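Colleague: First the structure, which I've put down as structure tokens, then a few questions once you've had a look.
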DNA sequence: TTTTAGCACTCTTTTTAATTGACTGCTAAT
DNA sequence: ATTAGCAGTCAATTAAAAAGAGTGCTAAAA
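Protein chains in written order, with my numbering: chain A, 1 to 339; chain B, 1001 to 1339.
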């Protein structure tokens, strides 16, 4: 494929991303390649169509990129520096926000990306159950109520309120705290399970209900933690592809049964951007969308994975530029700043 | 206004709520009043229009209810028992869910209402800043990190993580705990303010930064608590009125600048249902919608306010029935069950 | 050999006109 | 007081015509 055809393909994708309308040979000449004639463009377009990079919607329409076309565009034709000074400033402001919790940073990052790219953005925090426990604290909030606080080795804090049907004493709480820490320090969160319940019960012979409740509530909290965080849900509704009821419905469905998105996000590879275009998504309902995921981190602390979902003609250049830039910022800040 | 006219008006509103189409005299005869002729209905409709309860969309169209018509319908023509056995069952199931936090109960109630009525539902918890403090606990999570836990007199628990730029000792934390409790027990949450900061500083002469940070973070948490909780945002999009771009846009806007909804919810009167039909809403953007709010409670514990927003032709009967029923359930449960 | 002007052809979109259908309001009869 | 029946109105639907935006191909020019 010669250089001119590549330029034309890029022009077609760029134009289609901008307008969502099939691109005609004339448009290419006027906006991208003023030195060749539309007939020449037409010849090249015929060839590009033959080898499968572009398609027609009907006999006499302009061309739209095919899945293969988008793929080539993303892999070879794209420069990732599509970010303005204003945007850099804005990102800087947002990332300055002081957060007390790693999760909050992920949320801020998520909403920043959504605001700049205008696409729906989802995220999950770092996988809770694999994190190692540094310390567990139990704080009595009443004779039948406890708060469990777990500090992990990477510094995240998880807490939950636990209520009992019977009284518990400070002394019991102290013993429980000692025993939990003794057994769990340095171990991953998913060590809090049924066998642990039996172990603790055998050691203490306290009311099995209290021990059971504690373990169950902590498990519930860990599971709750893996919830999808979602920002900019309705941003997409302005897009022309959402005039199709089918497309809109699929979109809403995919976000609702959030297992789908969770699966995709969990597939992320550390510090690597993954791009799934249309059919490349495993889920049938995503066939009209592209998903870009990025598992971000500070140093080697996993920060969870962010995913952007938009139409196949999403602005790949902008999205990927912003992701790369934010990732860089997070790591730079870490180098200069706080511990 | 005679009995027959009232029946016809009710029929028109009911029919319009169901179909969203102007109601013709023939429809009334066929579905509601088989023993009178359509000409008679037409005569009555002309009169109902003259006195302002119904309107035409054009010369030869059927009638739709006017704001005044809805008002009469809601005030006088409606029975509030529009709830099926399945729905009662479903509500029962949902309300059985064990919760550790009052806020979670509000969330469950909110989502239940949204699921049954198919309308977008919003809620706020009980006004935090007026709640009285029962106890404050500070738990050290590291030499520069603290968790503040506040238990209020009505039993809600609020907690936040606080990070410092300098070290703090367990002894300092103990003193702070004593001082905070001494000063604040029995006082409302909004007593945690600038004057308190000065008082504590004068007593202790600890690093002003630490004291300042603690107070600010707690204030931030309290403020955060007043966030709108929103369920079923896109339920409305299937309704025919949302085909109008203007209506859809207004709806999205109102929910986004959530101050509007917060204001409305805060206007609630304990255990009373408020209904705002179309123009009765203060906010211009709500002119095509109706909002129904209900400030619910268990015994005399305020549980916050729930609001339902839907088209003017919303199913008032169902919405209000469900609200009343849930309110009853909550209070009955409380009588029989747990403390 | 590559590029281009030009024209016929195709398909969609827009515009216009004609028809149908759902109502009401009124009049005259019951 | 009610109702049958019919003329009149407007919106919605259907049909037909015109306009417009493209392409592909051919033959000439570079």
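Each residue gets a CB set at the ideal place from its N, CA and C atoms; glycine is no exception.
Being a predicted model, the structure only gives us computed values, none of them experimental.
Is DSSP giving residue 53/A helix, strand or coil here?
Modeller: Here residue 53/A sits in coil by DSSP.
Colleague: Go to residue 261/A, then tell me how far its alpha helix (DSSP H) extends in each direction, as first and last residue.
Modeller: Residue 261/A -> alpha helix (DSSP H) spans 259-266.
Colleague: Would you report the Cα separation of residue 1303/B and residue 1225/B, rounded to the nearest angstrom?
Modeller: Residue 1303/B and residue 1225/B: Cα-Cα distance of roughly 13 Å.
Colleague: In the DSSP output, which residue or residues are listed as bridge partners for residue 1302/B?
Modeller: Paired residues: 1297/B.
Colleague: Note down the Cα distance separating residue 1341/B from residue 145/A, rounded to an integer number of angstroms.
Modeller: No information on residue 1341/B is available, as it lies outside the stretch 1001 to 1339 that chain B covers here.
Colleague: Distance, Cα to Cα, residue 246/A vs residue 1034/B?
Modeller: In a straight line, the C-alpha of residue 246/A is about 41 Å away from that of residue 1034/B.
Colleague: Roughly how many angstroms separate the alpha carbons of residue 1151/B and residue 1096/B, rounded to a whole number?
Modeller: Approximately 24 Å between the Cα atoms of the pair.
Colleague: Residues of the stretch 103-126 of chain A in Cβ contact with chain B at a cutoff of 7 Å, in chain order, please.
Modeller: Residues: none.
Colleague: Counting only Cβ-Cβ distances shorter than 7 Å, please list the residues of the stretch 1124-1144 of chain B near chain A, keeping chain order.
Modeller: So the close ones are 1137, 1139 and 1141.
Colleague: Would you give the residue range spanned by the alpha helix (DSSP H) that residue 87/A belongs to?
Modeller: Unbroken alpha helix (DSSP H) run through residue 87/A: 85-96.
Colleague: List the residues of chain B that residue 258/A touches, going by C-beta distances under 7 Å, in chain order.
Modeller: Per Cβ cutoff of 7 Å: no residues; residue 258/A is ~14 Å from chain B at best.
Colleague: For the stretch 113-179 of chain A, list the beta strand (DSSP E) runs that are entirely contained and at least 3 residues long, ordered along the chain.
Modeller: Those beta strand (DSSP E) runs which fall completely within the stretch 113-179 of chain A and span 3+ residues are 120-124, 133-142, 145-152 and 157-163.
Colleague: In three-state terms, what does DSSP make of residue 1022/B?
Modeller: Coil, per DSSP.
Colleague: Residue 1163/B versus chain A: which residues are under 7 Å apart at the beta carbon?
Modeller: Result: 100.
Colleague: Tell me the rounded alpha-carbon separation between residue 1191/B and residue 1126/B.
Modeller: Taking the straight line from one Cα to the other gives about 17 Å.
Colleague: Could you give the distance in angstroms between the alpha-carbon of residue 1136/B and the alpha-carbon of residue 255/A?
Modeller: Whole-angstrom Cα-Cα distance: 39 Å.
Colleague: Please list, in chain order, the chain B residues whose beta carbon lies closer than 7 Å to that of residue 252/A.
Modeller: What residue 252/A touches in chain B: 1234.
Colleague: Helix, strand or coil: how does DSSP classify residue 1199/B here?
Modeller: Helix, per DSSP.
Colleague: Could you tell me whether any non-hydrogen atom of the ligand COA is closer than 7 Å to the CB of residue 279/A?
Modeller: Questions concerning the ligand COA fall outside what the structure shown contains, since it holds no ligand whatsoever.
Colleague: Please state whether DSSP places residue 1321/B in a helix, a strand or coil.
Modeller: Helix.
Colleague: Please classify residue 1092/B as buried or exposed, where buried requires at least 16 other C-beta atoms within 10 Å of its C-beta.
Modeller: Classification for residue 1092/B: exposed.
Colleague: Using C-beta distances below 6 Å, list every residue in its chain close to residue 20/A, excluding the 5 sequence neighbours before and after it, in chain order.
Modeller: If we look at residue 20/A and ignore the five residues flanking it on each side, its Cβ neighbours are 240.
Colleague: Below 8 Å on C-beta distance, what does residue 149/A contact in chain B?
Modeller: Here the neighbours are 1139, 1141 and 1147.
Colleague: With DSSP as the reference, label residue 1277/B as helix, strand or coil.
Modeller: Strand, per DSSP.
Colleague: Which of helix, strand or coil does DSSP assign to residue 1229/B?
Modeller: Here residue 1229/B sits in strand by DSSP.
Colleague: Determine whether the Cβ of residue 996/B lies closer than 8 Å to any Cβ atom of chain A.
Modeller: Only positions 1001 to 1339 of chain B appear in this structure, which leaves residue 996/B out of reach.
Colleague: With distances taken from CA atoms, which of 1057/B, 1067/B and 1122/B is nearest residue 1261/B?
Modeller: That would be 1122/B, whose Cα lies nearest to the Cα of residue 1261/B.
Colleague: Given a cut-off of 8 Å, decide if residue 64/A and residue 76/A are closer than it, judged by their beta-carbon atoms.
Modeller: Contact flag unset, no.
Colleague: Is there at least one Cβ from chain B nearer than 8 Å to residue 159/A's Cβ?
Modeller: Yes - at least one Cβ of chain B is within 8 Å of the one on residue 159/A.
Colleague: Given that a residue counts as buried once 16 or more other Cβ atoms are within 10 Å of its Cβ, and exposed if not, what is residue 1205/B?
Modeller: Per the 10 Å Cβ criterion, exposed.
Colleague: Distance, Cα to Cα, residue 1030/B vs residue 1313/B?
Modeller: The alpha-carbon atoms of residue 1030/B and residue 1313/B are separated by roughly 21 Å.
Colleague: If you reduce the DSSP assignment to three classes, tell me which class residue 1111/B lands in.
Modeller: DSSP places residue 1111/B in helix when its eight states are reduced to three.
Colleague: One question on the structure: do residue 1340/B and residue 159/A come within less than 8 Å of each other, judged by their Cβ atoms?
Modeller: Only positions 1001 to 1339 of chain B appear in this structure, which leaves residue 1340/B out of reach.
Colleague: Between residue 290/A and residue 277/A, which are expected to be in contact by the criterion C-beta below 8 Å, what is the C-beta distance as a whole number of angstroms?
Modeller: Correct: roughly 5 Å between the Cβ atoms.
Colleague: Assuming contact is defined by CB atoms lying nearer than 8 Å, are residue 1252/B and residue 1117/B in contact in what I supplied?
Modeller: For residue 1252/B and residue 1117/B, no; Cβs fall outside 8 Å.
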